[in-house]
Each structure stands twice: as C-alpha cells, then as structure tokens.
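Per full-length UniProt numbering: the sequence shown = residues 1 to 344.
Ideal placement from N, C-alpha and C gives every residue a C-beta, glycine not left out.
These figures come from a predicted structure and were not determined experimentally.
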Amino acid sequence: MSVDELQSSAFIGTANRGYGQQAQEEILRLFGSPIKFTHLVPNEIFLFQLPVSKSEVILKLTTQEPMFLRHIQPVDAEFDWDGELASLQSWAIRSVQLDAQSKVAVQVRKTEELTTGISQGEYKQALDHILTETYATVPVAKGSEFIVSLYLVPGIAYIGVSKPEHNLSDWSGGAIRYRKEEGQLSRAKFKLLEAEQVFGLDLTQYKTALDVGAAPGGWTSLLLERGIKVTAIDPAKLDKDLLKNKNLTFHQKNAADVKLQDASFELIVCDMSWSPRQMGKLIKGLLPALITGGTAIITVKLMHKKAFQTVRELVGDLSPDLTVQKAKQLFHNREELTLFFIKA
Ligand SMILES: C[S@@+](CC[C@H](N)C(=O)[O-])C[C@H]1O[C@@H](n2cnc3c(N)ncnc32)[C@H](O)[C@@H]1O
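Given below as structure tokens:
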C-alpha cells in the first residue's frame with residue numbers, strides 16, 4: 001500500500017523559535033485530537049502523527065494555512081539509525097521511489113544533539129549521489145519537481161517525499177534566505193521581500209504607497225526599487241541617500257499628525273514595533289488615504305502567550321474597512337507576525 005492510501009500519516013512541523021506551541025494549537029484546531037506530538041527542537045520543531053491520510057493533511061494545511069506553522073515535511077519512513085552514512089544511504093533508497101530524470105531537491109536537517117561529525121551538507125551530498133545513481137534523478141536546489149526531506153536526530157532518521165508546494169515553503173524548514181546587499185539599510189527589508197513572496201504580491205503593480213514607521217528606510221527602499229512613488233512617515237531620520245530619490249516624499253513626524261489626501265494611495269505598509277492596539281488605531285485613522293480595493297501590509301508585534309488574541313483584536317479593530325487575506329508569521333518576523341489586507 002502506498003503512503004497516500006494509508007489512513008494515518010506523520011509530518012515534521014516547523015515554526016519560528018518559541019512559536020511551536022502556537023503551531024501545534026493550530027494543527028489541533030484543524031484536525032481535532034487524537035494527534036501525537038513529539039518535540040524534536042523544543043517549541044520550534046515537532047513530529048506530529050494523526051489518523052488522517054497524507055494527502056488529506058496536505059490539502060487541509062495548504063488550503064487553510066495556519067499562521068504559525070511555517071513548514072511541513074512528510075515522514076514516509078522512519079529508521080533506527082546507527083549514525084553511519086552508508087546505512088543511511090541504503091535505507092534512503094529503499095524508502096523512496098523516484099522517476100528517472102525527475103528534478104529532485106534533497107533537503108537535510110538535523111538536531112544539534114546529533115554529533116556524528118558529519119555536516120548537513122555532507123549528508124545532502126551523500127543522498128544526492130545515491131539517488132542519482134539509483135534512480136537517475138537530476139539533483140537541483142530550486143525549481144524541483146520533488147523534495148526529498150531527511151530529518152536526523154540521534155538514533156533516528158525520518159524521510160519523506162513531497163511536491164515543493166505541499167511543504168508550505170519550498171525552502172528547507174521554511175528558512176527563506178536572502179542575500180544581504182551592500183549598503184542595505186535594515187534587515188527589516190527582508191520582511192517585506194518575504195511578504196511579497198508569501199502573499200503572492202507583485203509590488204511593481206502599485207503606483208503609490210504610504211510607508212508608516214519607515215526609518216531607517218529598508219521597506220521604503222524596496223518600494224522605490226519596485227518603481228513606486230512613496231510617501232514615508234517617521235519621527236526618526238530616514239537614510240540620507242534615500243532622501244535624494246525624487247519618487248520619495250518624507251514627513252519626519254508622528255503619523256497621527258500628518259494630513260493626507262483621501263484615496264491617494266494604492267498600498268499602505270506599516271512596520272511599527274508598537275502596541276498593537278495603538279498601532280491599529282493609528283492605521284484606522286490613515287485608511288481614508290487608501291483607495292477602495294487597495295492593499296495594506298502590516299506587521300503586528302505579538303504580546304507573548306496572547307498571540308492569537310493579539311491578531312484577533314487587530315483584525316477586529318481594522319474591520320470592516322480592511323478584510324484580512326492572509327496572516328503569516330514570516331521567517332524574518334521575530335516576536336511579530338505579518339498581515340495582508342484589502343480595503344473593502
Ligand atoms: C522597526 S522600525 C521600521 C523599520 C523599517 N520598516 C525599515 O525597513 O527600515 C519602526 C519605526 O516605527 C517608527 N514609529 C513608531 N511610532 C511611530 C508613529 N507614531 N508614527 C510614525 N512612525 C512611528 C519608529 O520611529 C521606527 O523608526
């Protein structure tokens with residue numbers, strides 16, 4: 001019987017560090033009990049086993065995507081492992097079936113407790129080698145047809161095969177890496193880059209944007225790079241080179257004190273590390289400036305242990321003007337989460 005026909009399945013779920021519990025709560029809410037959770041990395045990475053088929057789990061998690069579950073990888077087989085590379089290779093080829101010429105990305109992760117002296121890269125290389133030899137697959141990093149995920153802990157190896165779009169992220173563990181550019185103004189820029197990708201936005205489609213809480217200017221610089229005319233607001237200073245850009249208008253003020261023309265922006269972005277309720281109030285006051293059908297991308301600071309309540313309250317405070325399209329804790333979010341809204 002193939003894994004897809006079984007009425008039970010197992011996956012490894014990954015959340016941002018410290019948010020594993022929230023991700024587990026979301027899974028429980030979607031499927032109900034009995035789900036067996038086993039911690040692999042406390043409050044971050046966990047194995048979950050449930051009496052639901054692999055394909056059903058994937059369908060539900062990809063169509064009703066949880067906010068805190070960043071990545072899943074199926075566990076099709078589990079192996080009591082002696083730590084030897086050769087035994088891992090021979091078990092791996094017995095556990096997976098792949099078509100010749102299919103493009104395969106091997107993703108390997110391991111816990112810190114695994115002290116075999118072999119690096120993640122070396123495991124990956126060994127797997128790539130044996131799969132290519134056995135099945136004549138084509139090893140790729142991006143643009144794969146299938147991902148072979150291997151997760152190693154002391155004494156046990158877990159393996160699974162999936163389509164990249166079924167893992168919630170095609171990056172290993174959902175850890176999206178961007179290259180830091182020379183002169184990049186802030187790491188915060190990665191958050192907007194990731195939001196663009198995760199929410200399926202094409203920022204070049206927007207002509208005008210308002211950036212609330214813009215300093216030092218990472219988000220503003222990305223919006224300008226996308227060819228958008230930007231109005232940035234922040235009582236703090238914006239990078240001086242950015243100020244030379246003729247597509248930028250800067251108000252060095254508290255956003256509550258700025259007067260904006262009605263329906264003058266297609267996009268509002270806000271990345272203020274502020275009390276969520278105060279930030280919600282401030283954004284609400286600025287909403288007349290957003291056109292109907294316009295987009296808002298907002299980072300919300302999470303009050304620990306009250307993450308769900310914080311999101312619920314913000315969505316409530318901004319409704320009915322803004323309707324939430326997707327809320328996701330991005331890999332580049334720290335104690336926060338990013339929301340994508342459309343103005344009704
Ligand atoms: C996390 S930083 C933003 C980083 C920015 N997105 C970037 O990419 O460089 C938060 C900013 O919000 C600003 N801020 C806080 N309260 C504000 C308010 N009431 N009006 C405007 N900006 C505010 C702070 O001055 C700070 O510069």
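* To do: For the alpha helix (DSSP H) containing Val57, list its first residue and its last residue.
  => Locating residue 57 in the sequence shown gives position 57, where the first residue counts as 1. Looking at the DSSP string, the run of the alpha helix (DSSP H) that includes Val57 is Lys54 to Thr63.
* Asked: Is the stretch 298-305 in contact with the stretch 327-337, if contact means three or more CB pairs nearer than 8 Å?
  -> yes
* Which class does Ser172 belong to by DSSP, given the choice of helix, strand or coil? -> One-based indexing of the sequence shown puts residue 172 at position 172. Helix, per DSSP.
* Would you list the one or two residues that DSSP bridges to Glu78? => Within the sequence shown, the letter at position 78 stands for residue 78. Paired residue(s): Tyr158.
* Count the C-beta pairs between the stretch 197-217 and the stretch 270-290 that are closer than 8 Å, then say yes if the count reaches three, no if not. => yes
* Asked: Under the three-state reduction of DSSP, which class applies to Tyr135: helix, strand or coil?
  -> Here residue 135 is taken as the residue at index 135 of the sequence shown, counted from 1. It is helical.
* Terminal residues of the continuous alpha helix (DSSP H) containing Lys191? -> By 1-based counting over the sequence shown, the position of residue 191 is 191. Ala188 to Val198 is the extent of the alpha helix (DSSP H) around Lys191.
* To do: Inspect the beta-carbon positions of Leu98 and Leu131 and report whether they are closer than 8 Å.
  => Locating residue 98 in the sequence shown gives position 98, where the first residue counts as 1. Locating residue 131 in the sequence shown gives position 131, where the first residue counts as 1. It is a contact, given that the beta carbons lie within the stated cut-off.
* Asked: Glu133 to Ala100, Cα distance in whole Å?
  -> Along the sequence shown, one-based indexing puts residue 133 at 133. Along the sequence shown, one-based indexing puts residue 100 at 100. Looking at the two C-alpha atoms, the distance is approximately 10 Å.
* Cβ-heavy atom distance between Lys328 and ligand 1 below 7 Å? -> Taking the first residue of the sequence shown as position 1, residue 328 is located at position 328. No, the beta carbon of Lys328 sits no closer than 7 Å to any heavy atom of ligand 1.
* For Asp234, does the count of other Cβ atoms within 10 angstroms reach 16, so buried, or fall short, so exposed? -> Locating residue 234 in the sequence shown gives position 234, counting from the first residue. Result: buried.
* Among the residues of its own chain, which have a CB less than 7 Å from the CB of Leu282, if the five just before and after it don't count? -> If you number the sequence shown from 1, residue 282 lands on position 282. Excluding residues within five positions, the ones whose Cβ falls inside 7 Å are Ala255 and Ala256.
* Given Ala195, which residues of its chain have a CB within under 6 Å of its CB, disregarding the five upstream and five downstream residues? -> Working through the sequence shown from its first residue, we reach residue 195 at position 195. Counting only Cβ-Cβ distances below 6 Å, and skipping sequence neighbours, we find Ile297 and Thr338.
* How many angstroms separate the CA atom of Glu26 from the CA atom of Ala10? -> The residue you call residue 26 lines up with position 26 of the sequence shown. The residue you call residue 10 lines up with position 10 of the sequence shown. Using only the alpha carbons, I get a separation of about 16 Å.
* Which listed residue (Leu28, Lys110, Leu185 and Thr249) has its alpha carbon closest to that of Ile156 -> To locate residue 156, count along the sequence shown from 1; it is residue 156. For Ile156, the nearest C-alpha among the options comes from Lys110.
* To do: Just grab the DSSP bridge partners of Lys301 for me.
  => Translated into positions along the sequence shown, residue 301 becomes position 301. Lys301 is bridged to Glu336.
* For Val104 and chain B, any beta-carbon pair shorter than 8 Å? -> Given the protein chain composition of this structure (a single chain), no chain B is represented.
* Burial state of Lys306 (16 or more Cβ within 10 Å) -> Within the sequence shown, residue 306 is the residue found at index 306, counting from 1. With fewer than 16 Cβ atoms within 10 Å of its Cβ, Lys306 is classed as exposed.
* Just how far apart, CA to CA, sit Thr14 and Lys36? -> In the sequence shown, residue 14 corresponds to position 14, counting from 1. In the sequence shown, residue 36 corresponds to position 36, counting from 1. A straight-line Cα-Cα distance of about 15 Å links Thr14 and Lys36.
* Option in Gly18, Ile12, His39 and Phe48 with minimal Cα separation from Leu28 -> Within the sequence shown, the letter at position 28 stands for residue 28. Cα-wise, what sits closest to Leu28 is Phe48.
* How many Å lie between Gln197 and Ser162 at the Cα? -> Walking along the sequence shown from the start, residue 197 turns up at place 197. Walking along the sequence shown from the start, residue 162 turns up at place 162. Distance between the alpha carbons of Gln197 and Ser162: 21 Å.
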